[in-house]
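Chains as they are written, first to last, in my numbering: chain A, 10 to 328; chain B, 15 to 112; chain C, 521 to 1065; chain D, 5 to 233.
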Amino acid sequence: MAGNVDALYIFLTVVSALMCVLVFTLVVVFAARFRRRKGVRAEQIEGSLPLEITWSVLPLGVFFVFFAWGAWIYFSERTPPQGASEVYVVGKQWMWKLEHAEGQREINQLHVPVGRDIKLIMTSQDVIHSFYVPAFRIKQDVLPGRYTTTWFRATKPGTYHLFCAEYCGTQHSGMIGSVVVMEPAEYQAWLGGGGATTGSLASNGQALFTQLGCATCHRTDTQGRGPNLVGTFGKPVLLEDGRTVMEDENYVRESILVPTAKVVSGFKPVMPAFQGMVSEEQLNALVAYIKSLSPPSAGAANTASVAPSGEKPHGPEVH
Amino acid sequence: MSDTSEHISSPKLYVAIWLLLMVCTALTVGAAFIDLGPLNTIVALGIATLKAVVVVLYFMHVKYTHERMTKAVVVSGFFFLLLLLALSMMDYTTRGLG
Amino acid sequence: MATAVVTAERENYLNKEYGVRSWLLTVDHKRIALLYLVSVTFFFLIGGLFALLIRLELLTPAGDLVQADTYNKLFTMHGMVMVFFFLIPVVPAVLGNFLVPLMIGAKDLAFPRINLLSWYLYIIAGVLMLHCMLTGGVDTGWTFYTPFSTAFSNTKVVEAGIAVFINGFSSIFTGLNFIVTIHRMRAPGMTWSRLPLFIWAQYATSVIMILGTPVVAVTIVLVAVERLFHLGIFDPKLGGDPLLFQHLFWFYSHPAVYIMILPSMGVISELITCFSRKRIFGYSFVALSSIGIAVLGFLVWAHHMFVAGISLYAALIFSALSYLVGVPSAIKVFNWTATLYRGSITYSTPMLYAFGFLGLFTIGGLTGLFLACLGVDVHVTDTYFVVAHFHYVMVGGVLMGYLGGIHFWWPKITGRMYPEFWGRLSALIVFVGFNLTFFPQFILGYLGMPRRYYQYVPEYQVLNVLSTAGATVLGVGYLMPMVYLLWSMRYGKPASDNPWNAAGLEWMTSSPPPTFNFDETPVVDFEAYDYEHIPEKHEEEVAVG
Amino acid sequence: MDSHAAVEHGPELLHHFSDAEQQRNAASLGMWLFLVTEIMFFGGMFCAYLVYRYWYFGDFGAASQTLDIRLGAFNTAVLIGSSLTVAMSIWAAQTGRRKVLVGLLLATILLGLVFLGVKAVEYHDKFEHHHVPGASFHFEGEVPGHPGLPVNPYHAQMFFSLYFAMTGLHALHMIIGIGLFSYLTYKAWTGYYTPKYYTPIENAGLYWHFVDIVWIYLFPLLYLIDRHR
Ligand code: HEA
Ligand code: HEA
Ligand code: CUA
Ligand SMILES: [Cu+2]
Chain A
10 MAGNVDALYI FLTVVSALMC VLVFTLVVVF AARFRRRKGV RAEQIEGSLP
60 LEITWSVLPL GVFFVFFAWG AWIYFSERTP PQGASEVYVV GKQWMWKLEH
110 AEGQREINQL HVPVGRDIKL IMTSQDVIHS FYVPAFRIKQ DVLPGRYTTT
160 WFRATKPGTY HLFCAEYCGT QHSGMIGSVV VMEPAEYQAW LGGGGATTGS
210 LASNGQALFT QLGCATCHRT DTQGRGPNLV GTFGKPVLLE DGRTVMEDEN
260 YVRESILVPT AKVVSGFKPV MPAFQGMVSE EQLNALVAYI KSLSPPSAGA
310 ANTASVAPSG EKPHGPEVH
Chain B
15 MSDTSEHISS PKLYVAIWLL LMVCTALTVG AAFIDLGPLN TIVALGIATL
65 KAVVVVLYFM HVKYTHERMT KAVVVSGFFF LLLLLALSMM DYTTRGLG
Chain C
521 MATAVVTAER ENYLNKEYGV RSWLLTVDHK RIALLYLVSV TFFFLIGGLF
571 ALLIRLELLT PAGDLVQADT YNKLFTMHGM VMVFFFLIPV VPAVLGNFLV
621 PLMIGAKDLA FPRINLLSWY LYIIAGVLML HCMLTGGVDT GWTFYTPFST
671 AFSNTKVVEA GIAVFINGFS SIFTGLNFIV TIHRMRAPGM TWSRLPLFIW
721 AQYATSVIMI LGTPVVAVTI VLVAVERLFH LGIFDPKLGG DPLLFQHLFW
771 FYSHPAVYIM ILPSMGVISE LITCFSRKRI FGYSFVALSS IGIAVLGFLV
821 WAHHMFVAGI SLYAALIFSA LSYLVGVPSA IKVFNWTATL YRGSITYSTP
871 MLYAFGFLGL FTIGGLTGLF LACLGVDVHV TDTYFVVAHF HYVMVGGVLM
921 GYLGGIHFWW PKITGRMYPE FWGRLSALIV FVGFNLTFFP QFILGYLGMP
971 RRYYQYVPEY QVLNVLSTAG ATVLGVGYLM PMVYLLWSMR YGKPASDNPW
1021 NAAGLEWMTS SPPPTFNFDE TPVVDFEAYD YEHIPEKHEE EVAVG
Chain D
5 MDSHAAVEHG PELLHHFSDA EQQRNAASLG MWLFLVTEIM FFGGMFCAYL
55 VYRYWYFGDF GAASQTLDIR LGAFNTAVLI GSSLTVAMSI WAAQTGRRKV
105 LVGLLLATIL LGLVFLGVKA VEYHDKFEHH HVPGASFHFE GEVPGHPGLP
155 VNPYHAQMFF SLYFAMTGLH ALHMIIGIGL FSYLTYKAWT GYYTPKYYTP
205 IENAGLYWHF VDIVWIYLFP LLYLIDRHR
């Protein structure tokens, strides 16, 4: 990704520099060549339609290239590859809380293995923040009340800056950390010994699922009062009002916090709203658990296994 | 606009317009109670727009002005309002898709 | 200079009446322009002071000069003061106020009392802003993003909001006044195709002022109401969408950047024609591109929100639309350049500023294209790259244009010439200082330094030191004109009615003009920039030096 | 500067205009441009309304149905009536009927006050039912057409936030308009306006009609959502 962005950036710089050189040379040359001389009067030139058209259409053509290239990169930046490992990010004034699917929790630090696609599922507890790793050329605002996502794949081990790029109050400039990219073996070791873990995110979610009483309604058969949640994630859901929505992270999130917002067809809106009753971390665990009930076909993002992602599937998006 | 001042609409016309507006009000209330599916909103806004246009044309004398500028001003006002609404909604209606 | 003596004694708008009252209650557009001149300069100094403090703090990576909170207030108030109280009014309210009636051959603006009201609204807003700054300040950034501004910041957001709101009405009334004046008050024969390009630019600007400003006004009302009464329009906790605020804010604030640049572009058209002694190349294209920028400017606002969480499709469309505004800007740049061709060019101070404008605006505009490019923007948004971009267009563009214009019309405004040597020197210093200040910031931005950072990681220090050094040079460059222009009001050489031998109605009345501008209403039977028919003056008569 | 005696002499030409026609045209264009700014001013709120109505359609429907449609319709009629009296007052001014003019202007003010009175009753009702956004807000109900589906109180509160913001802003415009018309009535009573000079009445009329048009949209948008269920 970084390479692509840099290539485009260099392209833009070169084209712009050429334009600058063109304009500046003309200005300087004209200014020198046609400076005021005694007895020489300016020649009145009305304009020229062909020239006007040239210098409107040509830039427009160049602009289109800029746009198309930029759009293409943006599209892949916003489309995490299938099978990416997931990390949940919660921003708050003024720290980053990160939780791996495997259950490692970190603050202001993110450890990832080299060469693996990492998808970040992010939300904020208070104001808007922005997750920015300059080295990876990625940035995404982190909003309260919903998830935003982005992804990256580190190609070189090392420690990289992590910044908060959206102004968020007093310690905005202190809301920084680092992304530590490690060789896979090292990473395994870190997983084993390093960060404090209390079981994988999904298994935490499972515990919560029982504890909060979700399991009483959402059973793994068709007898529950709520829909069976197995195998539903990432698929379209038919709603009571006839609309169809994709079951993605934001949908699950909303379904837990405000269940009546989108009611599944064939069910009564009896699910209690959990808004204000679960923390962002608990919510993430629940989401991770519900996702784990629908193992994706490619890769095993939600299990604890650290399968290398192998070929980079730049194919269709996950959600 | 110079013509607005010269053109004198008769009270009869005003009363007729007023009646039309009252009928439209009755219609819109009535229509609200009939199930037209998604058309309900459209009908309600359509009637409102009709009323607004009538007010602009007759009560506000735009119909009688020979001044193209007034018309241009009114139209551009609504045009930019629509731009605001349409381009914002473009974001909201496509959020779930990408 | 016999004529000059006569000029100085003739009754004009300056010496017609004396006393504070005659100024504070004036409805003469020229006097109001001067009232604005004094007040925007005051706010520029305040904003500049904040800028210097910002730059001083950033000299070292550690946050050592001021507290984090103080720093946040500094850049917030720097941005608010500079944008709302300096750059938006500066060219329209000073030069525009002075020149619009003169250039179209009118006695005054259509609504002189509303014009005065505009100034009072501006002053009330400004005093409120000052009060707000002195009693604690605001720390939301000039963009007021929610939910920080509505639910988290514990500074004087509402007060600052009210100040911006009131100031908005000042700007709306100015715009309204200009449009009506340009439509209704033109002298006989002054057709649309004969209007000076400065007037076209003011017209386009006024359209934006009228259409955009009310939206930001109501948005700020909503923020204030949400903050005071906890209505949940934008608060996600109450089901609101913080991005809606950003949509509404940028619906105004993107077009607002064209409120700033368009009038300056108009000034540049006047300067380049006068000092090349030529009709502008492609008059109608330059004129209509102003309108084009004004209209297209309303279609691109969400390019400030590419990483904010808008939909993918919206981002694509807004990016594509953003490129469209580049086209009319390109048209202008190329036409100005072409105007120089086969001209008869003098390098007086205003022209030097115009050259500076051309260079800096081109760089600023081209880097705008980087930002409109989705893939690149994701990386550089909210970094110093953006900061550099907008200072290039706002300071390098607008401010250069304004300074050029002030020098150009100074003889008309005051009846005195400014010292040419000092003028050229200041133009040079500003140009050098400017690049030294802001060019390093492009690099900083690409290296990843986020904006609004009060402390930063040490590897960014070298470039920051350069930038701070540049800012001091720049500061000197700005203070110089203030000193010598003031000096020239008393000691400057008396100016003739048309010291530049320029085209345009404003040069056909005396310097300074009488209260109602023209002794008799002029009849226009010549095209704009009719330099062909203006006889050359002898070298020594041209007021240079 | 402002020593022009013109001000005292009423409809005299202001010095910087070349003739009365130019002056009148300028005033009229100025007024129309001002109305455009008003469109955009309300436009920001309409945009917010549109977004949330799109998001929370059902909840908005439920909240909307607590509004009294009879009062809303009555007020619409009142406002349209006042537009009629304003339009007629232009006619009265054009034809130099001073007493009729004063009467019509008074009628306009009266109708405006009736509108505000009804609005006050409605606001009061909202207070009674705790439908005013804030700490004491309370809303229970079902989404129309979806029996058993409870309304999300936050979303209902959003409706009422917008309701108060929009109708409040509208009412503020009414109050300003009534102030304006009171002044005009007084002036008209002194015989200040003649068939040659009545621009202020014309412009105030434009303003009033605009306020009417805003209500013409507010009424269906706020009162008539999903009524058929
Ligand atoms: C005077 C003010 C001004 C002007 C004129 C502009 C002009 C432009 N701006 Fe800028 N901008 C700002 C002030 C301004 N901007 C401010 C204040 C911000 C930040 C606000 C904040 O967040 O605080 C900002 C931010 C900003 C962003 C958001 C960045 C971010 O936050 O991520 C973007 C993105 O698209 C952008 C784009 C543009 C574009 C495309 C133009 C175009 O109009 C430029 C057009 C001009 C040219 C293109 C140059 C001339 C053309 C040629 C010489 C043609 C030849 C070229 C080729 C063939 C390549 N600007
Ligand atoms: C018109 C607009 C304008 C102008 C003219 C300027 C002028 C300058 N700006 Fe500003 N700037 C903005 C608009 C502008 N800026 C905006 C909108 C922001 C974003 C704010 C935000 O993030 O919310 C910003 C942010 C901004 C930042 C980023 C802060 C951050 O993100 O952390 C920086 C940093 O270098 C900076 C620097 C400067 C400098 C060095 C100047 C120089 O050009 C200034 C030169 C002038 C002087 C040096 C003054 C000289 C006078 C004196 C010294 C006398 C003072 C004494 C008396 C009062 C008598 N500006
Ligand atoms: Cu978090 Cu800035
Ligand atoms: Cu912009």
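We put the CB at the ideal spot given by N, CA and C, even for glycine.
Treat the numbers as computed from the prediction; the structure is a model and nothing was measured.
Distance from the CA of Glu577 (chain C) to the CA of Asp105 (chain B), rounded to the nearest whole angstrom, comes to 39 Å. Counting only runs of 4+ residues, the alpha helix (DSSP H) found wholly inside the region 827-861 of chain C occupies 832-860, in chain order. Scanning the region 863-901 of chain C for uninterrupted alpha helix (DSSP H) segments of 4 residues or longer gives 869-892 and 894-900, listed from N- to C-terminal end. Relative to Trp929 (chain C), the option among C:Gln722, C:Phe664 and C:Pro1033 whose CA is nearest is C:Pro1033.
In this structure, Tyr778 (chain C) has its CB closer than 7 Å to one or more heavy atoms of ligand 1. Bounds of any beta strand (DSSP E) do not take in Ile62 (chain A); it lies within the alpha helix (DSSP H) bounded by Leu58 to Glu86. Considering only beta carbons, the part of the region 780-796 of chain C lying closer than 8 Å to chain A consists of Ser796, in chain order. Residue contact check for Pro734 (chain C) against chain D: a CB pair falls below 8 Å. Residue pairing of Glu115 (chain A) in beta bridges, as defined by DSSP: A:Leu107. Between Ile811 (chain C) and Ala737 (chain C) a beta carbon distance of about 24 Å is seen, past the 8 Å cut, so the two are scored as non-contacting.
With respect to the 8 Å criterion, Trp64 (chain A) and Phe854 (chain C) are classified as neighbours on the basis of their beta carbons. Along the region 617-630 of chain C, going in chain order, the ones with a CB nearer than 9 Å to a CB of chain D are Pro621, Ala626, Lys627, Asp628, Leu629 and Ala630. Between ligand 3 and Gly583 (chain C), a heavy atom-to-CB distance of less than 7 Å is absent. For the pair Gly681 (chain C) and Val743 (chain C), the CB atoms are nearer than the 8 Å cut-off. The alpha-carbon separation between Tyr833 (chain C) and Tyr843 (chain C) amounts to approximately 16 Å. A buried status is given to Asn592 (chain C), since no fewer than 16 other beta-carbon atoms sit within 10 Å of its beta-carbon. As the crow flies, the alpha-carbon of Ser23 (chain B) is around 40 Å from that of Pro775 (chain C). Counting the other CB atoms within 10 Å of its CB gives His21 (chain B) a total below 16, which places it among the exposed residues. Assigned with DSSP and collapsed to three states, Pro708 (chain C) falls in coil, not helix or strand.
Interface annotation, Leu576 (chain C): not in contact with chain A, CB-CB separation never under 8 Å. Just so you know, the alpha carbons of Met28 (chain A) and Pro762 (chain C) end up roughly 39 Å apart.
Membership of Phe38 (chain D) in the alpha helix (DSSP H) is indicated by the continuous run Ala24 to Trp59. Contact annotation: Val741 (chain C) and Glu86 (chain A) have beta-carbon atoms that are not nearer than 8 Å. Annotation: the continuous alpha helix (DSSP H) that includes Ile299 (chain A) extends over Glu289 to Ser301.
The DSSP-derived three-state label of Met131 (chain A) is strand. Ranked by Cα distance from Val147 (chain D), the options D:Phe46, D:Ala52, D:Ala30 and D:Gln69 are led by D:Gln69.
Against chain C, the CB of Thr171 (chain D) has no partner CB under 8 Å away; the residue lies outside that interface.
Per DSSP, reduced to three states, the secondary structure at Cys173 (chain A) is strand.
When distances are taken from the beta-carbon of Val820 (chain C) to the heavy atoms of ligand 4, the shortest one is below 7 Å. A straight-line Cα-Cα distance of about 15 Å links Thr1029 (chain C) and Arg936 (chain C). A distance below 7 Å between beta-carbons, with the five flanking residues on each side excluded, links Leu534 (chain C) to the following residues of its chain, in chain order: Pro1032.
Cβ proximity to chain C below 8 Å picks out Glu55, Gly56, Ser57, Leu60, Glu61, Trp64 and Ser65 from the region 55-66 of chain A. Neighbours of Met104 (chain B) in chain C, taken as residues at a C-beta separation under 7 Å, are given in chain order as Ala834 and Ile837. Here DSSP, grouped into helix, strand and coil, assigns Gln215 (chain A) to helix. Shortest Cα-Cα distance from Arg45 (chain A) to any of C:Ile608, C:Arg797, C:Met785 and C:Val906 involves C:Arg797. Inter-residue distance for Ser831 (chain C) and Ala192 (chain D) is about 56 Å (C-alpha atoms, whole angstroms).
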